[in-house]
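Notes follow the structure.
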Amino acid sequence: MDLELSDEQRMLVEQVRRFVRQEIDPLEADMDPDASELAAEEHERLVGMTTGMGLYQMDVPEEFGGAGLDVMTRTLLAMEMSQHRAGLYTPCYGTFGSMGLAQLYDANDDQKERYLYPTLRGEKRGFFGLTEPSGGSDPARAIQTRAVQDGDDWVINGQKIFISGADRADFGLVFARTSPDKGRAGVTCFIIDTDMPGFHVRRIVHTLRSTHYATELQFEDLRVPAENILGKVDGGFSIANERLTRNRIPYAAACLGVAMRAQDMAIEYVKIRETFGDLLATRQTVQNMLIDNEMDIRTARWLTLAAAHKADQGEPFRTEAAMAKIAATEAGGRVVDRAMQIHGGYGVTKEFPFERWFREMRIRRIGEGPNEVQRLIIARDLIGGSFH
Amino acid sequence: MAIRLEKAWRPLTDEVVKGLAAQLGVYQISNNKEEIVYIGYAGGRSLWGLRGALQDKLAELGEGYQFRIEVNQQYLSRWEELLKVHKGDHDALPPGNKDHRPRRVGQLSLG
Chain A
8 MDLELSDEQR MLVEQVRRFV RQEIDPLEAD MDPDASELAA EEHERLVGMT
58 TGMGLYQMDV PEEFGGAGLD VMTRTLLAME MSQHRAGLYT PCYGTFGSMG
108 LAQLYDANDD QKERYLYPTL RGEKRGFFGL TEPSGGSDPA RAIQTRAVQD
158 GDDWVINGQK IFISGADRAD FGLVFARTSP DKGRAGVTCF IIDTDMPGFH
208 VRRIVHTLRS THYATELQFE DLRVPAENIL GKVDGGFSIA NERLTRNRIP
258 YAAACLGVAM RAQDMAIEYV KIRETFGDLL ATRQTVQNML IDNEMDIRTA
308 RWLTLAAAHK ADQGEPFRTE AAMAKIAATE AGGRVVDRAM QIHGGYGVTK
358 EFPFERWFRE MRIRRIGEGP NEVQRLIIAR DLIGGSFH
Chain B
12 MAIRLEKAWR PLTDEVVKGL AAQLGVYQIS NNKEEIVYIG YAGGRSLWGL
62 RGALQDKLAE LGEGYQFRIE VNQQYLSRWE ELLKVHKGDH DALPPGNKDH
112 RPRRVGQLSL G
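Sequence order for the protein chains is A and B.
My numbering puts the first residue of the first sequence at 8, with every later residue one more than the last.
My numbering puts the first residue of the second sequence at 12, with every later residue one more than the last.
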C-alpha cells in the first residue's frame, strides 16, 4: 500500500484543516460545550463555503450529485473534519453534507423519489432502526420485531432501542423478521414513515452524550405497504451488514481526528506550561505520554488507511475495517485520556474539549459493533467458519 | 428519573434563587396558575449554573413566577426531552420557547 498522498489529496486535507481551524473553532468558542448544531444562518453560510470548495455531499456518489471521492481520500478528510469539540459525532456540524442513508442508493426509482432525493436536498431526515432490546451485535438472532404480510401490506410489531434521530425523522429503515425460522436470511428492511399510525417514540435514552441522544421505539400494528420494502423480502441482513462494515472506516477515522487534535493540543501545552521551574516538555514522564500517543495514533492510522485502501481496490475489507475500528477507538480513548492528564485540572473543565471527547470516545468502543464483536469477526476470518 | 419534572414549585424570587448552587441542569418556570411558561437549561458556559440562569430569568420576567430545577449533567438531552413532553401534553411549546429553537422538537409518544 502506497501511503504517499497525491497533490490533490494533500490540497484537500489542507483545505479542510483550514476550514476547521478558521471557521469551526471560533464558533465553538461561544457555543454550549455539548452543542451539536449550528444556528441556521451559520450553517447556511458554511454550506456555501463547502459547496464552493466542491466538497459538499462528499459522501454521496457522483451520480446523485456528490463529490465522488474514493474511500482513501474520504478517510483522510474524515480525520480532519473531526478535529474540533463536537467533531466525533457531528464533524463540522454537517456542513459537508450528510450521507443520508446510503442503503437508499440501491432503492427502486419510486423509493428514491420519495426518500433519497428529499434527504439529499435536506428536506427529509431518516433513521436507521436495527438494534433491539435483545441486542444489536447479532442481528441474525436478536431481531425479534416481526412483520407479517396482510394482503398488500405488512404489519410490524416490536421494539427498537438506541436509535439515533428517530424522534425528528420523517422516515426510517426498520429491520424486522419476516421468516421466523431462517435466521439471518429471514430479516427484511422496511421504509416506514414516522407519521404512520402505530409508530411510537417511547423515550429518550440519556447517555454520556448530552446531545445526539438515542431513542426507544415501539411499533404497534404498524401497517407498511409492500412497496416500502427496501430490496427483497428476507434480504435485509445484507443491507444491514454492508452498512455496518462500510461505516467502520469513517467511524475509525473520526476517532483518529480527535486523537490527533488532542495530541497537537498536548504538544502545544507542554511547551508553555511550567512546573517546579521548568517546562512540562522537559519531563520524561510527560515525554513518554506524548510518545505513547504518537505510536497509538500512527498504528491506528495505518490500519484505518489500509482498510480504506482495500475498500477502494474492491477487495473484501471486513477484517481490515474491524481492525481499524478496534485500533482507532481504543487508541483514541488512550490519547484523549493522556492529553487530559497532561492538561491537569484544566483538562477536565468544560473550557477545554477533552471532557467531551473523553465521554464520547468511550461510546465508540461500543457503537457500530462492540470491539469484542470486531475481534470475533477477525477471528472468524483468520480461523474460518462460524463459531460462538 | 421520571420523564416529567415533578418537583414542587418554588417562588422565583431573589432570596430563593440566590440560595441555589451553581450546578448544571434544567429548569421550568410557571405562572401563578402553574402553567409552564418557559423551559431552560444551565449549560457548560453558564457563569453561575442554575443560580445564574434563574437570576437572569428573574431579571427578565420580574416576580410573580415559580420555578423548579433538576441538576443534570446531560442537560441538553434532558432539556429536549422536557420540551417534547410539554409539546406532547399541550400540543405546543411553552410561550417562552416558541421562537427559541433552531431545529424541530421531534415527537415523543406519551402515556
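All residues carry an ideal CB built from backbone N, CA and C; glycine is no exception.
Other residues of its chain near residue i: CB distance less than 6 Å, five sequence neighbours each side excluded
{"i": "Gly73/A", "result": "Gln64, Val67"}
{"i": "Gln39/B", "result": "Leu16, Ile47, Ile50, Arg79"}
{"i": "His395/A", "result": "Caution is warranted here: a pLDDT of 49 is assigned to His395/A, below 50, making its placement in the model unreliable, and the coordinate value is therefore given only provisionally. Counting only Cβ-Cβ distances below 6 Å, and skipping sequence neighbours, we find nothing."}
{"i": "Pro257/A", "result": "Ala85"}
{"i": "Leu121/B", "result": "Gly99"}
{"i": "Arg89/B", "result": "Val37, Asn83"}
{"i": "Lys131/A", "result": "Pro125, Asp177"}
Cross-strand partners of residue i (DSSP beta bridge)
{"i": "Trp161/A", "result": "Gln156/A, Val231/A"}
{"i": "Pro68/A", "result": "Answer is none; Pro68/A lacks a bridge partner."}
{"i": "Glu223/A", "result": "Arg210/A"}
{"i": "Arg175/A", "result": "Its beta-bridge partners do not exist; DSSP assigns none."}
{"i": "Val96/B", "result": "Its beta-bridge partners do not exist; DSSP assigns none."}
{"i": "Ser41/B", "result": "Ile47/B, Gln77/B"}
{"i": "Arg255/A", "result": "Arg255/A pairs with nothing; no bridge assigned."}
{"i": "Gly30/B", "result": "BP columns for Gly30/B are empty, so no partner."}
{"i": "Glu281/A", "result": "Leu286/A"}
{"i": "Leu237/A", "result": "Cys196/A"}
{"i": "Phe135/A", "result": "Leu180/A"}
{"i": "Arg21/B", "result": "Phe78/B"}
{"i": "Gln166/A", "result": "Gln225/A"}
{"i": "Gly142/A", "result": "Glu139/A"}
{"i": "Gly36/B", "result": "Ala53/B, Val82/B"}
Chain B residues whose Cβ lies nearer than 8 Å to that of residue i
{"i": "Lys357/A", "result": "Gly55, Arg56"}
{"i": "Pro40/A", "result": "Gly54, Gly55, Arg56"}
{"i": "His207/A", "result": "Ser120"}
Own chain residues within Cβ distance below 7 Å of residue i, not counting five before or after
{"i": "Met60/A", "result": "Gln22"}
{"i": "Val380/A", "result": "Ser144"}
{"i": "Gly193/A", "result": "Arg184, Thr185, Ser186, Pro187, Asp241"}
{"i": "Ser217/A", "result": "Asp41"}
{"i": "Ile304/A", "result": "Leu263, Ala266, Met267, Gln270, Ala338, Val342"}
Listed by chain order, chain B residues near residue i by CB distance under 9 Å
{"i": "His213/A", "result": "Met12, Asn83, Gln85, Ser88, Arg89, Glu92"}
Close beta carbons around residue i, own chain, < 8 Å, minus the five adjacent residues each side
{"i": "Leu12/A", "result": "Val20, Leu83"}
{"i": "Asn378/A", "result": "Lys332, Ile333, Thr336, Glu337, Arg372"}
{"i": "Gly354/A", "result": "Ala346, Met347, Gln348, Phe361, Glu362"}
{"i": "Glu91/B", "result": "Val116, Gly117"}
{"i": "Pro106/B", "result": "Val48, Tyr49"}
{"i": "Ala64/B", "result": "Tyr38, Gly51, Tyr52, Ala53, Ser57"}
{"i": "Arg369/A", "result": "Leu215, Gly340"}
{"i": "Gly190/A", "result": "Ala147, Arg148"}
Under 7 Å from the C-beta of residue i: neighbouring residues of chain B
{"i": "Thr413/A", "result": "Nothing about residue 413/A can be reported from this structure: the residues present for chain A run from 8 to 395 only."}
Partner residues on chain A for residue i, Cβ-Cβ distance less than 7 Å
{"i": "Arg115/B", "result": "Arg175"}
Nearest-angstrom Cβ-Cβ length linking residue i and residue j, presumed shorter than 8 Å
{"i": "Val265/A", "j": "Val343/A", "result": "7 Å"}
{"i": "Asn164/A", "j": "Asp228/A", "result": "6 Å"}
{"i": "Thr222/A", "j": "Arg210/A", "result": "7 Å"}
{"i": "Ala114/A", "j": "Tyr122/A", "result": "7 Å"}
{"i": "Glu375/A", "j": "Leu215/A", "result": "Contact doesn't hold; Cβ gap of about 16 Å is too wide."}
{"i": "Phe324/A", "j": "Met347/A", "result": "Rounded, the Cβ-Cβ distance is 33 Å, inconsistent with contact."}
{"i": "Asp200/A", "j": "Phe178/A", "result": "5 Å"}
{"i": "Thr24/B", "j": "Glu74/B", "result": "6 Å"}
{"i": "Ala313/A", "j": "Ser89/A", "result": "With a Cβ gap of about 19 Å, Ala313/A and Ser89/A do not count as contacting."}
{"i": "Glu49/A", "j": "Leu34/A", "result": "6 Å"}
{"i": "Leu108/A", "j": "Gly75/A", "result": "With a Cβ gap of about 18 Å, Leu108/A and Gly75/A do not count as contacting."}
{"i": "Tyr86/B", "j": "Leu31/B", "result": "Wrong, their Cβ atoms sit about 15 Å apart, outside the cutoff."}
{"i": "Leu237/A", "j": "Ile198/A", "result": "6 Å"}
{"i": "Lys310/A", "j": "Met296/A", "result": "The sequence as given places Leu at residue 310/A; Lys does not occur at that position. The pair is not a contact, with the Cβ atoms about 22 Å apart (cut-off 8 Å)."}
{"i": "Cys99/A", "j": "Ile168/A", "result": "Not a contact, Cβ separation roughly 29 Å."}
{"i": "Asp174/A", "j": "Lys95/B", "result": "7 Å"}
{"i": "Gly136/A", "j": "Val78/A", "result": "Gly136/A to Val78/A, Cβ: 26 Å. No contact."}
Within chain A, partners of residue i - CB distance below 9 Å
{"i": "Lys95/B", "result": "Asp174, Val208, Ile211"}
Next on the checklist: Suppose only complete runs of 3+ residues qualify. What are the beta strand (DSSP E) ranges in the segment 45-93 of chain B, listed by chain order?
Outcome noted: 47-53, 77-82
Checklist entry - Of all the beta strand (DSSP E) runs that stay within the bounds of the segment 174-203 of chain A, which reach a length of 3 or more residues? => result 178-184, 194-200
Checklist entry - In the segment 320-390 of chain A, which residue ranges form an unbroken alpha helix (DSSP H) of at least 4 residues, counting only runs that do not cross its ends? => result 325-349, 361-371, 378-390
Next on the checklist: If we require 3 or more residues per run, which beta strand (DSSP E) segments fall completely within the segment 99-127 of chain A?
Outcome noted: none
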